[in-house]
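J.:
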Amino acid sequence: MVNKIISGGQTGADRAALDVAIKLGISHGGWIPKGRLTENGMLDNKYKLKEMETANYNKRTEQNVIDSDGTLIISHGKLSGGSNYTREMLLRHGRPWLHIDLNKT
1 MVNKIISGGQ
11 TGADRAALDV
21 AIKLGISHGG
31 WIPKGRLTEN
41 GMLDNKYKLK
51 EMETANYNKR
61 TEQNVIDSDG
71 TLIISHGKLS
81 GGSNYTREML
91 LRHGRPWLHI
101 DLNKT
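Residue numbers 1 to 105, in my numbering, belong to the letters of the sequence shown in order.
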């Protein structure tokens, strides 16, 4: 059972997970860079994410990994960019994770 969705609030699956949590009444949270920065501007306040003291996306990602009990990564092919960095942080902090490659399903 999922008790809480933790997300960095970026576009795509991150935001979709938050939208589903809100719609289903599941607790949600996570960390977002200073200024509530996302790839496409400032994140709406309806998303209950805590703002980091830095605008550094990698710090945000690492803190969300630390605060989670497990992580789902969805991709189209090999992990790259932020998704690959998330995997590196999951391995560093010994957190469970599942990667679903939609190109292989």
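The C-beta atom is built at its ideal place from N, Cα and C for all residues, glycine as well.
In angstroms, rounded to a whole number, what distance separates the CA positions of Met52 and Leu91?
T.: One C-alpha to the other measures close to 22 Å.
J.: Would you mind stating whether Ile26 and Leu43 have Cβ atoms separated by less than 7 Å?
T.: Contact flag unset, no.
J.: How would you label His28, buried or exposed, when you count the other beta carbons within 10 angstroms and need 16 or more for buried?
T.: His28 is buried by the Cβ-count criterion.
J.: Quick one: measure Cβ to Cβ for Gln10 and Thr38, integer angstroms, because I've assumed they're closer than 8 Å.
T.: Rounded, the Cβ-Cβ distance is 5 Å, consistent with contact.
J.: Between Asn58, Lys48 and Asn103, which lies nearest to Ala17 when the distance is taken from Cα to Cα?
T.: Per the Cα distances, Lys48.
J.: Give me, in chain order, the residues of the same chain whose beta-carbon lies closer than 7 Å to that of Ile66; leave out the 5 immediate sequence neighbours on both sides.
T.: The answer, listed in chain order, is His93.
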